[in-house]
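Reviewing the structure listed below.
Residue numbers (my numbering): 5 to 195.
The structure is reproduced here in C-alpha coordinates:
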(Lines of atoms letter the chains of each structure in order from A and count residues from 1; the text may use other names and numbers.)
(Lines give C-alpha, C1' and ligand atoms only; values in the text may rest on other atoms or scores of the structure.)
Protein backbone atom coordinates (compact mmCIF):
# COMPACT_ATOMS: atom_id res chain seq x y z
CA UNK A 1 0.00 0.00 0.00
CA UNK A 2 0.92 3.66 -0.01
CA UNK A 3 4.17 4.80 1.60
CA UNK A 4 5.23 7.93 3.53
CA UNK A 5 6.70 9.59 0.45
CA UNK A 6 3.17 9.75 -0.98
CA UNK A 7 2.24 12.14 1.83
CA UNK A 8 4.92 14.52 0.62
CA UNK A 9 3.78 14.30 -3.00
CA UNK A 10 0.95 16.18 -4.67
CA UNK A 11 -1.27 13.12 -4.11
CA UNK A 12 -1.59 13.66 -0.38
CA UNK A 13 -5.06 14.77 0.71
CA UNK A 14 -6.61 14.04 -2.68
CA UNK A 15 -8.63 11.15 -4.05
CA UNK A 16 -7.50 10.95 -7.65
CA UNK A 17 -7.51 8.24 -10.32
CA UNK A 18 -4.74 5.74 -9.74
CA UNK A 19 -1.53 6.11 -11.70
CA UNK A 20 -1.78 2.32 -11.77
CA UNK A 21 -3.82 1.51 -14.89
CA UNK A 22 -4.91 -1.84 -13.43
CA UNK A 23 -7.83 -0.08 -11.72
CA UNK A 24 -11.01 1.37 -13.20
CA UNK A 25 -11.91 4.90 -12.00
CA UNK A 26 -14.23 4.03 -9.09
CA UNK A 27 -12.12 1.11 -7.96
CA UNK A 28 -9.06 3.35 -8.24
CA UNK A 29 -10.67 5.90 -5.92
CA UNK A 30 -11.50 3.13 -3.45
CA UNK A 31 -7.89 1.90 -3.65
CA UNK A 32 -6.68 5.46 -2.91
CA UNK A 33 -8.82 5.49 0.25
CA UNK A 34 -7.61 2.03 1.30
CA UNK A 35 -4.01 3.18 0.74
CA UNK A 36 -4.35 6.30 2.85
CA UNK A 37 -6.13 4.45 5.63
CA UNK A 38 -3.32 1.89 5.78
CA UNK A 39 -0.62 4.56 5.65
CA UNK A 40 -2.04 6.23 8.74
CA UNK A 41 -2.39 2.90 10.54
CA UNK A 42 1.24 2.04 9.81
CA UNK A 43 2.36 5.48 10.97
CA UNK A 44 0.63 4.99 14.31
CA UNK A 45 2.29 1.64 15.07
CA UNK A 46 5.82 2.46 13.94
CA UNK A 47 8.40 1.35 16.49
CA UNK A 48 6.06 -0.49 18.85
CA UNK A 49 7.67 -3.32 20.82
CA UNK A 50 6.12 -6.74 21.37
CA UNK A 51 5.26 -5.69 24.91
CA UNK A 52 3.48 -2.57 23.67
CA UNK A 53 1.68 -4.59 20.99
CA UNK A 54 0.44 -7.07 23.64
CA UNK A 55 -0.55 -4.52 26.31
CA UNK A 56 -4.24 -4.22 27.11
CA UNK A 57 -4.78 -1.14 29.25
CA UNK A 58 -7.48 -1.08 31.93
CA UNK A 59 -10.86 -0.46 30.35
CA UNK A 60 -9.85 -1.85 26.95
CA UNK A 61 -10.67 -5.28 25.54
CA UNK A 62 -7.99 -5.53 22.86
CA UNK A 63 -4.31 -4.90 22.34
CA UNK A 64 -2.77 -3.08 19.38
CA UNK A 65 -1.48 -6.44 18.09
CA UNK A 66 -4.97 -7.93 18.28
CA UNK A 67 -6.38 -4.98 16.34
CA UNK A 68 -3.71 -5.28 13.64
CA UNK A 69 -4.49 -8.99 13.29
CA UNK A 70 -8.18 -8.09 13.11
CA UNK A 71 -7.60 -5.58 10.30
CA UNK A 72 -5.75 -8.22 8.25
CA UNK A 73 -8.46 -10.80 9.01
CA UNK A 74 -11.19 -8.43 7.81
CA UNK A 75 -9.38 -8.05 4.47
CA UNK A 76 -9.13 -11.83 4.11
CA UNK A 77 -12.73 -12.49 5.15
CA UNK A 78 -14.08 -9.89 2.74
CA UNK A 79 -11.81 -11.29 0.04
CA UNK A 80 -13.56 -14.63 0.44
CA UNK A 81 -17.03 -13.06 0.53
CA UNK A 82 -16.53 -10.56 -2.24
CA UNK A 83 -14.09 -12.05 -4.73
CA UNK A 84 -14.76 -15.76 -4.20
CA UNK A 85 -18.43 -15.73 -3.15
CA UNK A 86 -17.65 -18.10 -0.28
CA UNK A 87 -19.49 -18.55 2.99
CA UNK A 88 -16.51 -17.55 5.10
CA UNK A 89 -18.35 -18.27 8.34
CA UNK A 90 -18.84 -21.93 7.45
CA UNK A 91 -15.82 -22.55 5.20
CA UNK A 92 -13.01 -24.09 7.28
CA UNK A 93 -10.39 -22.47 5.04
CA UNK A 94 -11.25 -19.20 6.81
CA UNK A 95 -11.14 -20.64 10.35
CA UNK A 96 -7.64 -19.24 11.04
CA UNK A 97 -8.94 -15.70 10.48
CA UNK A 98 -12.07 -15.98 12.63
CA UNK A 99 -10.10 -15.72 15.88
CA UNK A 100 -8.79 -12.28 14.92
CA UNK A 101 -12.08 -11.35 13.31
CA UNK A 102 -14.08 -12.02 16.47
CA UNK A 103 -11.43 -10.85 18.95
CA UNK A 104 -12.54 -11.54 22.55
CA UNK A 105 -11.08 -13.73 25.31
CA UNK A 106 -9.74 -16.48 23.04
CA UNK A 107 -7.96 -13.93 20.86
CA UNK A 108 -6.44 -12.35 23.99
CA UNK A 109 -4.91 -15.74 24.82
CA UNK A 110 -3.57 -16.53 21.36
CA UNK A 111 -2.75 -13.21 19.67
CA UNK A 112 0.31 -12.44 21.80
CA UNK A 113 4.08 -12.58 21.66
CA UNK A 114 4.45 -11.44 18.07
CA UNK A 115 6.66 -8.63 16.93
CA UNK A 116 5.60 -5.71 14.76
CA UNK A 117 7.20 -7.29 11.69
CA UNK A 118 4.80 -10.23 11.96
CA UNK A 119 1.75 -7.96 11.97
CA UNK A 120 3.09 -5.76 9.18
CA UNK A 121 3.79 -8.78 6.97
CA UNK A 122 0.29 -10.09 7.61
CA UNK A 123 -1.25 -6.71 6.75
CA UNK A 124 0.84 -6.46 3.59
CA UNK A 125 -0.11 -9.96 2.44
CA UNK A 126 -3.82 -9.36 3.09
CA UNK A 127 -3.68 -6.01 1.28
CA UNK A 128 -1.89 -7.57 -1.70
CA UNK A 129 -4.78 -10.04 -2.05
CA UNK A 130 -7.25 -7.16 -1.88
CA UNK A 131 -5.44 -5.18 -4.55
CA UNK A 132 -5.12 -8.24 -6.77
CA UNK A 133 -8.85 -8.89 -6.45
CA UNK A 134 -9.81 -5.28 -7.13
CA UNK A 135 -7.50 -5.08 -10.15
CA UNK A 136 -9.38 -8.01 -11.72
CA UNK A 137 -12.76 -6.22 -11.43
CA UNK A 138 -14.41 -3.18 -12.97
CA UNK A 139 -16.76 -0.42 -11.87
CA UNK A 140 -19.86 -2.40 -12.92
CA UNK A 141 -18.76 -5.20 -10.57
CA UNK A 142 -18.29 -2.64 -7.79
CA UNK A 143 -22.01 -1.81 -8.00
CA UNK A 144 -23.05 -5.49 -7.97
CA UNK A 145 -24.37 -7.28 -4.89
CA UNK A 146 -22.32 -9.53 -2.66
CA UNK A 147 -23.85 -12.96 -2.11
CA UNK A 148 -24.37 -13.17 1.65
CA UNK A 149 -26.85 -15.11 3.71
CA UNK A 150 -29.70 -13.53 5.61
CA UNK A 151 -31.08 -11.56 2.68
CA UNK A 152 -28.96 -8.43 3.21
CA UNK A 153 -28.34 -6.70 -0.09
CA UNK A 154 -24.79 -5.43 0.39
CA UNK A 155 -23.05 -4.29 -2.77
CA UNK A 156 -19.33 -4.73 -3.44
CA UNK A 157 -18.59 -1.03 -3.03
CA UNK A 158 -20.18 -0.95 0.42
CA UNK A 159 -18.32 -4.14 1.40
CA UNK A 160 -14.92 -2.61 0.63
CA UNK A 161 -15.96 0.73 2.12
CA UNK A 162 -16.75 -1.23 5.28
CA UNK A 163 -13.27 -2.83 5.24
CA UNK A 164 -11.82 0.68 5.14
CA UNK A 165 -14.16 2.08 7.82
CA UNK A 166 -13.40 -0.89 10.08
CA UNK A 167 -9.68 -0.15 9.85
CA UNK A 168 -10.31 3.55 10.53
CA UNK A 169 -12.36 2.71 13.60
CA UNK A 170 -9.70 0.38 14.96
CA UNK A 171 -6.97 2.87 14.13
CA UNK A 172 -8.71 5.22 16.55
CA UNK A 173 -8.57 2.51 19.22
CA UNK A 174 -4.90 1.93 18.38
CA UNK A 175 -4.20 5.63 18.92
CA UNK A 176 -5.93 5.59 22.29
CA UNK A 177 -4.01 2.50 23.40
CA UNK A 178 -0.72 3.98 22.17
CA UNK A 179 -1.36 7.11 24.26
CA UNK A 180 -1.29 4.80 27.28
CA UNK A 181 1.30 2.13 26.45
CA UNK A 182 3.63 4.09 24.14
CA UNK A 183 3.22 7.80 24.87
CA UNK A 184 6.33 8.60 22.87
CA UNK A 185 4.42 7.62 19.72
CA UNK A 186 1.58 9.96 20.68
CA UNK A 187 4.05 12.75 21.51
CA UNK A 188 5.76 12.38 18.12
CA UNK A 189 2.33 12.57 16.46
CA UNK A 190 1.70 15.97 18.06
CA UNK A 191 5.12 17.35 17.10
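Here a beta-carbon is modelled for each residue, glycine too, at the ideal position from N, C-alpha and C. Values in this document were obtained by computation on a predicted structure and should not be read as measured data.
Below 8 angstroms on the Cβ atoms is my guess for residue 26 versus residue 131; work out the distance and round it to an integer in Å.
-> In the chain shown, the residue the question calls residue 26 occupies position 22. In the chain shown, the residue the question calls residue 131 occupies position 127. Between residue 131 and residue 26 the Cβ distance is about 14 angstroms, and since that is not below 8 angstroms, they are no contact.
Around the Cβ of residue 17, are there at least 16 other Cβ atoms within 10 angstroms (buried) or fewer (exposed)?
-> If you number the chain shown from 1, residue 17 lands on position 13. Exposed.
Under the three-state DSSP convention, the category residue 189 falls into | On the chain shown, residue 189 is found 185 positions in, with the first residue counted as 1. Any reading at residue 189 is ruled out, since the residue's pLDDT is 45, under 50, leaving its predicted position unreliable.
Using only alpha-carbon positions, find the residue among 83, 79, 172 and 52 that is nearest to residue 68.
-> The sequence position of residue 68 within the chain shown is 64, counting from 1. Distance check between residue 68 and each of 83, 79, 172 and 52 places 52 closest, using alpha-carbon atoms only.
For the ligand PLP, is there a heavy atom less than 6 angstroms away from the beta-carbon of residue 86?
-> As far as ligands go, the structure on display features none, and thus does not contain the ligand PLP.
By a C-beta neighbour count over all protein chains shown, 10 Å radius and 16 as the cutoff for buried, is residue 149 buried or exposed?
-> Translated into positions along the chain shown, residue 149 becomes position 145. That one is exposed.
What residues are listed by DSSP as bridge partners for residue 149?
-> Locating residue 149 in the chain shown gives position 145, counting from the first residue. Beta-bridge pairing links residue 149 to 159.
Alpha carbon of residue 117 to alpha carbon of residue 136, nearest angstrom | In the chain shown, counting from the first residue as 1, residue 117 sits at position 113. In the chain shown, counting from the first residue as 1, residue 136 sits at position 132. Residue 117 and residue 136: Cα-Cα distance of roughly 30 angstroms.
Residue 76 - containing alpha helix (DSSP H), residue span | Within the chain shown, the letter at position 72 stands for residue 76. Secondary structure note for residue 76: its alpha helix (DSSP H) is the uninterrupted segment 68–82.
Look at the alpha carbon of residue 177 and the alpha carbon of residue 49, and state the distance between them as a whole number of angstroms.
-> The residue given as residue 177 occupies position 173 in the chain shown. The residue given as residue 49 occupies position 45 in the chain shown. Residue 177 and residue 49 have their C-alpha atoms roughly 12 angstroms apart.
Excluding five sequence neighbours on each side, which residues of the same chain lie with their C-beta closer than 7 angstroms to the C-beta of residue 81?
-> Within the chain shown, numbered from 1, the residue matching residue 81 stands at position 77. Same-chain partners within the cutoff: 92, 98, 101 and 105.
Other residues of its chain near residue 19: CB distance less than 6 angstroms, five sequence neighbours each side excluded = As a working note, residue 19 is residue 15 in the chain shown. Correct list, in chain order: 33 and 36.
Proximity winner among 59, 29, 30 and 38, relative to residue 170 (alpha-carbon distances) = To locate residue 170, count along the chain shown from 1; it is residue 166. Of the candidates 59, 29, 30 and 38, the residue whose Cα lies closest to the Cα of residue 170 is 38.
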